[in-house]
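K.L.:
My structure is below; once you've seen it, I'll send some questions.
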Amino acid sequence: MYDFNYHKPDTVADAVALFNAAEDAMYLAGGHTLIPAMKQRLRAPTDLIDLSAIQSLGEIQAKDGSLLIGSTVTHSQVAESEVVSAEAPVLAALASGIGDRQVRNRGTIGGSVANSDPAADYPAAVLGLGASIVTDRREIAADDFFQDMFETALADGELITAIRFPTTASAAYAKFPNPASRYATVGVLVAKTAGGVRVAITGAAASVFRATEMEQVLNDNFSVEALAEVRLASDDMNADIHAGAEYRAHLCGVMAARAVASI
Amino acid sequence: MELTQRLEIPVSNQVVWDALNDPLILMQCLPGCQRFEATAENCFEMTVQAKVGPVKAVFKGEVMLTEMDPPRAYRISGQGQGGVAGFAKGGAQVSLVPAGTVAQPATLMTYVVIATVGGKLAQVGGRLINGAARKIAKQFFTEFVRIVCKQEAMDVVIETIQGEG
């Protein structure tokens, strides 16, 4: 075991101050990506700042037509929340399909969004529903947040405090999970929003992205048949031992159709 | 993994070739490169801090330029040891074809990127190697074009010809 400093602040301000004072700090939420990386010595921060004692980060609130989910709320809390089921049921359904029970009991929404794994489920909901990411210093629209593989608009030391979702009943998420990890081989979230239809795809490319071709045809005719005309290009799709680029491009259409059919 | 991409650079073949052989430019293009020093002709030592998602490791290794065919083609290859993280090996076969006119020179650059990793990196990051290699190639060649064109915020369009593996 190598040494690192462990901190457990109880306010956001203290957490950020500790981060800034340390040489190479990491915030610790559920730890489901960070701890395995540390065990493998693929990451060796000098300071770990545990966020679990900051009460305000663990709350779920519905107010002013939006649903505010604190960054350390776990996947199982989202899946089981009555407030979430009433205000944005798609989120509860999505959270209940992440990983396995152990992952859902520890993993957090803020950790998932900050890490922005190319195959994570939450980024599809954040981008597809047009949510915004609330941090200790500003609020970032989802369209500006996800930039590239593991790359977000977060500055060094910037801490996500909550995700603000619009309340909606007209949205669905369909994914083709990897049978072992339950990561999305391809996951598609389709939502009817005030600004038109939004389609966000995770797992298929370096980062979650909006399928604008699909959005256009669905705005004219919201049906599975209309969607059948769209074929996504496989040029920038991921290819690995589980699925090739062509296959992933095809799955995007299949999963989008399933999501549309269930709205 | 293997990735073939192509892009057009609005400067002459010779300018691109000279830049491809300039260690200072290569160092600036490689994300996280902290040291890039010549040790012999077409041989360099480097230190790179790689950060991809949860992984952050310092790689020490060497870069070699081989199969020199000035000003048309070469192979740049590098390998590094990241301590307990494992090792990474990667490179690109680069070829240049003049594409413009005398008044408006341009160069069509095609490159084939190959990358492999071993050790713990391969165990935990297997599903991410392709994406990481693509991302590094994109960063490298985008920065390269911006430097040779002396335009910091230039939009660089890269066309993927083949990318499987």
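For the protein sequence lines, the chains are A and B, in the order given. Heads up, the first sequence is in the numbering used here, so the first residue is 7 and it goes up one at a time. Heads up, the second sequence is in the numbering used here, so the first residue is 110 and it goes up one at a time. We treat Cβ as the ideally placed atom computed from N, Cα and C, and that holds for glycine.
Do ALA212/A and ASN244/A have their CB atoms nearer than 9 Å?
P.N.:
The answer is yes: Cβ separation under 9 Å.
K.L.:
In three-state DSSP terms, what is PRO207/B?
P.N.:
PRO207/B: strand per DSSP, three-state reduction.
K.L.:
Mapping the DSSP letters down to three states, classify ASP178/B as helix, strand or coil.
P.N.:
ASP178/B: strand per DSSP, three-state reduction.
K.L.:
Using a Cβ cut-off of 7 Å, pull out every chain B residue sitting near ASN244/A, in sequence order please.
P.N.:
ASN239 and GLY240, listed in chain order.
K.L.:
Report the CB separation of ALA175/A from PRO95/A in whole angstroms; it is logged as a contact under 8 Å.
P.N.:
With 8 Å as the limit, ALA175/A and PRO95/A qualify as a contact, their Cβ atoms being about 7 Å apart.
K.L.:
Expressed to the nearest angstrom, what Euclidean distance is found between the alpha-carbon atoms of CYS138/B and GLU146/B?
P.N.:
Approximately 14 Å, taken between the alpha carbons.
K.L.:
In the DSSP assignment, the alpha helix (DSSP H) including ARG115/B goes from what residue to what residue?
P.N.:
Not the alpha helix (DSSP H): ARG115/B falls in the beta strand (DSSP E), residues 111-118.
K.L.:
According to the Cβ coordinates, are LEU100/A and SER77/A closer than 9 Å?
P.N.:
No, the Cβ-Cβ distance between LEU100/A and SER77/A is not below 9 Å.
K.L.:
Who are the neighbours of THR39/A on chain B, taking C-beta pairs under 7 Å?
P.N.:
Neighbours of THR39/A on chain B, chain order: PRO163.
K.L.:
Tell me which residue opens and which closes the alpha helix (DSSP H) that PHE250/B is part of.
P.N.:
First-last of the alpha helix (DSSP H) with PHE250/B: 238-257.
K.L.:
List in chain order: all unbroken beta strand (DSSP E) runs of 3+ residues lying wholly within the stretch 157-238 of chain A.
P.N.:
DSSP runs (the beta strand (DSSP E)) wholly in the stretch 157-238 of chain A: 166-172, 177-183, 190-199 and 202-208.
K.L.:
Could you work out which residue in VAL172/B, GLU261/B, CYS258/B and VAL254/B is closest to ILE267/B when comparing CA atoms only?
P.N.:
Minimum Cα distance to ILE267/B is reached at VAL254/B.
K.L.:
Return helix, strand or coil for GLY294/A, following the three-state DSSP convention.
P.N.:
What is shown of chain A runs 7 to 269, which leaves residue 294/A out entirely.
K.L.:
List, in chain order, every chain A residue whose beta-carbon is nearer than 9 Å to that of THR269/B.
P.N.:
By Cβ distance, chain A contributes ASP241 and ASP242.
K.L.:
Which same chain residues, not among the five before or five after VAL257/B, have their C-beta less than 8 Å away from its C-beta?
P.N.:
These residues qualify, in order along the chain: ILE118, VAL120, VAL124, VAL125, ALA128 and ILE134.
K.L.:
Since ASN5/A meets chain B, which of its residues come closer than 8 Å, beta carbon to beta carbon?
P.N.:
The shown model of chain A, from 7 to 269, leaves out residue 5/A, and the question about it has no answer.
K.L.:
With a threshold of 8 Å on Cβ separation, who are the neighbours of ASP124/A within its own chain once the five nearest residues in sequence on each side are excluded?
P.N.:
In the sequence under discussion, the amino acid at residue 124/A is Pro, which differs from the Asp named in the question. These residues qualify, in order along the chain: MET155, PHE156, THR208, GLY209, ALA211, ALA212, SER213, VAL214 and ASN244.
K.L.:
Is it buried or exposed for GLU164/A, if we count other Cβ within 10 angstroms and need 16 for buried?
P.N.:
Classification of GLU164/A: buried, given that the 10 Å Cβ count is 16 or more.
K.L.:
For a test of the three-state rule: what should DSSP assign to GLY250/A, helix, strand or coil?
P.N.:
Coil, per DSSP.
K.L.:
Can you list, in chain order, the residues of its chain whose CB lies under 7 Å from that of ALA265/A, leaving out five sequence neighbours each side?
P.N.:
ALA178, TYR179, ALA180, VAL194, LEU195 and VAL196, listed in sequence order.
K.L.:
Among GLN153/A, LEU224/A and ARG188/A, which one has its Cα closest to the Cα of GLY201/A?
P.N.:
The shortest C-alpha separation from GLY201/A is found at LEU224/A.
K.L.:
For ALA35/A, which residues in chain B fall below 7 Å Cβ to Cβ?
P.N.:
By Cβ distance, chain B contributes nothing, its closest Cβ being about 12 Å from ALA35/A, past 7 Å.
K.L.:
In chain A, which residues lie less than 9 Å from VAL222/B when you measure between Cβ atoms?
P.N.:
The contacting residues do not exist; VAL222/B stays about 14 Å from chain A at best.
K.L.:
Using beta carbons (cut-off 9 Å, strictly below), is VAL157/B in contact with chain A?
P.N.:
So no, VAL157/B is outside the interface.
K.L.:
So, for GLY187/B: in the same chain, excluding its five sequence neighbours on each side, which residues have a beta-carbon less than 8 Å away from its beta-carbon?
P.N.:
MET155, GLY170, GLU171, VAL172, MET173, LYS198, GLY199 and GLY200.
K.L.:
Taking LEU116/B as the reference, which of GLU150/B, VAL161/B, ALA212/B and ALA246/B has the closest Cα?
P.N.:
Nearest of GLU150/B, VAL161/B, ALA212/B and ALA246/B to LEU116/B, Cα basis: ALA246/B.
K.L.:
If you run the structure through DSSP and keep just helix, strand and coil, what is GLY64/A?
P.N.:
If DSSP states are grouped into helix, strand and coil, GLY64/A belongs with the helices.
K.L.:
How long is the line joining the alpha carbons of GLY116/A and ALA31/A, rounded to whole angstroms?
P.N.:
Near 17 Å, if we compare the C-alpha coordinates of ALA31/A and GLY116/A.
K.L.:
Buried or exposed: which applies to ALA212/B, given that a residue is buried once 16 or more other Cβ atoms fall within 10 Å of its Cβ?
P.N.:
By the 10 Å Cβ count, ALA212/B comes out exposed.
K.L.:
Can you round the beta-carbon distance between GLY105/A and GLY113/A to whole angstroms, since I take them to be within the 8 Å contact cut?
P.N.:
Contact holds; Cβ gap of about 6 Å.
K.L.:
Give me the chain A residues within the contact set of ALA194/B, using Cβ-Cβ distance strictly less than 7 Å, ordered along the chain.
P.N.:
Residues of chain A passing the Cβ test: ARG47 and LEU48.
K.L.:
Between MET155/A and chain B, is the shortest Cβ-Cβ distance under 9 Å, so that the two count as touching?
P.N.:
It does; some Cβ of chain B falls within 9 Å.
K.L.:
Check for me: the beta strand (DSSP E) holding SER122/A runs from which residue to which?
P.N.:
Element bounds for SER122/A: n/a, residue is neither H nor E.
K.L.:
Is it buried or exposed, GLU261/B, if we count other Cβ atoms within 10 angstroms and call 16 or more buried?
P.N.:
So GLU261/B counts as exposed.
K.L.:
How is ARG110/A classed by DSSP in three states: helix, strand or coil?
P.N.:
In the structure shown, ARG110/A sits in a helix (DSSP, three-state: H, G or I).
K.L.:
Go through its chain and collect everything with a Cβ distance to VAL265/B's Cβ below 6 Å, but skip five positions before and after it.
P.N.:
Around VAL265/B: THR251 and VAL254.
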